[in-house]
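Undergrad: Can you read through this structure? Questions will come right after.
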Amino acid sequence: MTSSIGHWIDGRLDDAPAARTSPVYNPATGVQTAEVALATPDSVVRAVASARAAAPLWGRTPLSRRAAVLFEFRELLHARADELAAIVTAEHGKVLADAAGEVARGLENVEYATGVPHLMKGGYSEQASTGVDVYSIRQPLGVVAGITPFNFPAMVPLWMCANAIACGNAFILKPSEKDPSASLWLARLWQEAGLPDGVFAVLQGDKVAVDGLLEHPDVSAVSFVGSTPIARYIYERGTAAGKRVQALGGAKNHMVVLPDADVEMAADAAVSAGYGAAGERCMAISVVITVGDVGDDLVAAIARRLPAIAVGDGAQPGVEMGPLITAEHRDRVAGYIDQGAEAGARVVVDGRLTPMPAGGFFLGPTLLDGVTPEMTVYRDEIFGPVLGVMRCATFDEALAVVNANPYANGTALFTRDGGAARRFQSEVEVGMVGINVPIPVPVAYYSFGGWKASLFGDSHMYGPEGVNFYTRGKVVTSRWPDPATSAVDLGFPRTR
Ligand code: NAD
């Protein structure tokens, strides 16, 4: 029995019959669990009209009242985090502990946004000229949209909507059609927290929904997270339509291990960052670059750990790695194992041979050694549990490889040498850098974003840059003559 998943417009589930739908699966069993509605141009118009009607009043609602809704939403989300994590696991497949971690990282952004009265403060210059003061204020944009990927169905929407709503906008979420249920759960929670109807909407769907939002004149800004080709498309089309756009794209993240690194610590980091969430993270480590003679020991240490990883249904206790999102994606990722071998890489561990439950979209952890820059396993974003190892002779050679890659989301260096770490963080051309930290996702009071093909636009997501993105600045120059010179006697001592 499959259920139907619809849009959330004007504070309620949209009951208009869906002209188009898409199947939703539990990837751990391979069984279809639901049908999600795919928006038509008409559903886009209705969602935007409702958001546009709600935005002005919400934008004028006092900061303290907006913050109170954010505080209430934070309490509810904190209390019911397990419910949301279970929904994420059921449709995405990541293990429950990882889904709980995703919710916790999303919650951080809500906590940050509760500080909106402080975050939206402007500047004030008294007496810029005689009797003249100058001050800046930030105001909401109106209706803003967020288009999100399948791999973080709770966290990425929270990266966007917490700040967008706190800043006084109405927010329309277009989640991935592959795992759409978390978005409706969030919509109900916003309503319970006291958010007025229409300020948070969910438009389920695919390219039709996205194109409708990109073209709609009442949508002022679009935040996107997903693959690089779609990020580029969203950026070009959205900005051509006069919208503010931040579009985060794909990744190929390198972990550089210097000869002085603690090999066991680096191996633990490579395994958790390479295979966590089955490699379906934009900050996953995809390539380990070993420098000097550390390669053999590190490859052996990683390989030793892989048979112990429990692969299976992420809802079951003890499971450490779940399935991939669809059967097609699993087959595509598995295809890279042969491509790597044919191009000359050594298959140290072949995940196709890992014993796994039947039915689900599983692939075991795979390790390739001897990867080189011209191989497709290096050039492409694989987005699965396939970790490549590349051998470099020197620090400079490793740095040059990282900097030549078109993607530049995250990177990490493992070393005991502070000077080497300092040079790396300064010279590496990547947006987020970890020093002995494999997945350096910034905390919510910094901002998240890559460089080059990992980000289109000039604004990173969440944190201070998120607040800037969802508001526009205004500067007021005001002149008030000294009351002592007024034509009317206001009771001030006359100066002349
Ligand atoms: P995707 O690009 O296929 O889809 C992202 C969103 O775009 C979805 O909502 C989808 O419905 C929509 N979309 C898909 N095709 C479209 C089209 N032709 N026209 C308009 N809209 C379209 O990405 P995905 O497979 O859901 O997610 C995985 C990708 O996201 C990976 O490349 C990963 O690196 C990237 N990602 C990046 C970050 C980051 O912060 N940079 C974070 C998470 C995921």
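Under the numbering used here, the residue at position 23 of the sequence shown is numbered 486, and the numbers go up by one with no gaps.
Glycine included, every Cβ here is placed at the ideal spot set by N, Cα and C.
On a predicted model such as this, the values are computed, not experimentally measured, just so you know.
1. Tell me whether the beta-carbon of Gly737 lies closer than 9 Å to the beta-carbon of Asn632.
2. Per DSSP, what kind of secondary structure is Trp653 in: helix, strand or coil?
3. Is the number of C-beta pairs between the stretch 853-873 and the stretch 773-790 that are closer than 8 Å three or more?
4. Could you tell me the distance, in whole angstroms, from the CA atom of Gly758 to the CA atom of Ile693?
5. Would you call the stretch 468-484 in contact with the stretch 539-548, where contact means no fewer than 3 C-beta pairs closer than 8 Å?
6. On the DSSP letters alone, give me the boundaries of the alpha helix (DSSP H) that Leu547 sits inside.
7. Relative to the C-alpha of Ile800, which candidate in Arg815, Glu791, Leu787 has its C-alpha closest?
8. I'd like to confirm the pairing. Which residues does DSSP put opposite Ala500 in its beta bridges?
9. Between Leu721, Phe825, Ala479, which has its C-alpha nearest Ala502's C-alpha?
10. Is the beta carbon of Leu711 within less than 8 Å of some heavy atom of the ligand NAD?
11. Kindly give me the distance between the Cβ atoms of Gly468 and Pro643, rounded to whole angstroms, as I take these residues to be in contact under 8 Å.
12. Starting from Ala950, trace the alpha helix (DSSP H) in both directions and tell me its first and last residue.
13. Pop quiz: Glu727 and Ala684 are said to be a contact at Cβ under 8 Å. What is the actual Cβ separation, rounded to whole angstroms?
14. Less than 9 Å between the beta carbons of Ala514 and Phe634, yes or no?
15. Counting Cβ pairs closer than 8 Å, one from the stretch 717-726 and one from the stretch 848-868, do we hit at least three?
16. Check whether the stretch 554-568 and the stretch 592-602 touch, using three or more Cβ-Cβ pairs below 8 Å as the test.
17. Say yes only if the C-beta of Ala714 is nearer than 8 Å to one or more non-hydrogen atoms of the ligand NAD, and no if none qualify.
18. Using the three-state DSSP reduction, which class does Cys745 fall into: helix, strand or coil?
19. Near Val840, which residues of its chain fall below 8 Å by C-beta distance, leaving aside the five closest residues on each side in sequence?
20. Exposed or buried, which one is Leu520 when buried takes at least 16 other CB atoms within 10 Å?
21. Just to confirm my understanding: we take Ala656, look at its own chain, exclude 5 residues before and 5 after, and list those with CB closer than 7 Å. What are they?
22. Val906: which of Ser527, Ala518, Gly913, Gly926 sits nearest, CA to CA?
23. Cβ of Phe824 within 9 Å of Cβ of Pro616?
24. Going by alpha carbons, who is nearest to Trp943 out of Glu589, Ala747, Gly881?
25. Taking C-alpha atoms, which residue in Phe613, Leu547, Ala591 lies nearest to Phe846?
26. Is any heavy atom of the ligand NAD found at a distance shorter than 8 Å from the C-beta of Ala694?
27. Buried or exposed for Val812, please, with buried defined as at least 16 other CB atoms from any protein chain shown within 10 angstroms of its CB.
28. Buried or exposed: where does Ala867 fall if 16 or more other Cβ atoms within 10 Å of its Cβ makes it buried?
29. Considering only the alpha carbon of each residue, which of Gly936, Asp505, Ala553 lies closest to Lys584?
30. Tell me which residue opens and which closes the alpha helix (DSSP H) that Gly882 is part of.
31. Strictly by DSSP, which residues pair up with Arg700?
32. Helix, strand or coil for Met618, going by three-state DSSP, please let me know.
33. Taking the CB atoms as reference points, tell me whether Gly689 and Gly705 lie closer together than 9 Å.
34. Kindly provide the ranges of any beta strand (DSSP E) runs that are 3 or more residues long and lie completely inside the stretch 760-843, ordered along the chain.
35. When DSSP labels each residue in this structure, what does Ala867 get in the three-state scheme?
TA: In brief:
1. no
2. Here DSSP, grouped into helix, strand and coil, assigns Trp653 to helix.
3. no
4. 36 Å
5. no
6. 544-555
7. Arg815
8. Thr484
9. Distances from the alpha-carbon of Ala502 to those of Leu721, Phe825, Ala479 put Ala479 closest.
10. yes
11. According to the sequence provided, residue 468 is Ile. The question's Gly does not apply to it. With 8 Å as the limit, Ile468 and Pro643 qualify as a contact, their Cβ atoms being about 5 Å apart.
12. Where Ala950 is concerned, there is no enclosing alpha helix (DSSP H), given that its DSSP letter is neither H nor E.
13. Wrong, their Cβ atoms sit about 46 Å apart, outside the cutoff.
14. With respect to Phe634, Ala514 sits close: the two C-beta atoms are nearer than 9 Å.
15. yes
16. no
17. Closer than 8 Å to some heavy atom of the ligand NAD: that describes the Cβ of Ala714.
18. coil
19. Tyr799, Gln802, Gly803, Ala806, Ala808, Leu831, Val834, Val849, Gly851
20. exposed
21. Val532, Glu535, Phe536, Leu539
22. The shortest CA-to-CA distance from Val906 to any of Ser527, Ala518, Gly913, Gly926 is the one to Gly926.
23. no
24. Checking every option, the nearest Cα to that of Trp943 belongs to Glu589.
25. Phe613
26. yes
27. buried
28. Exposed, by the Cβ-count rule.
29. Gly936
30. 881-890
31. Partner(s): none; Arg700 has no beta bridge.
32. helix
33. no
34. 809-812, 829-832
35. Residue state, collapsed to three classes: helix.
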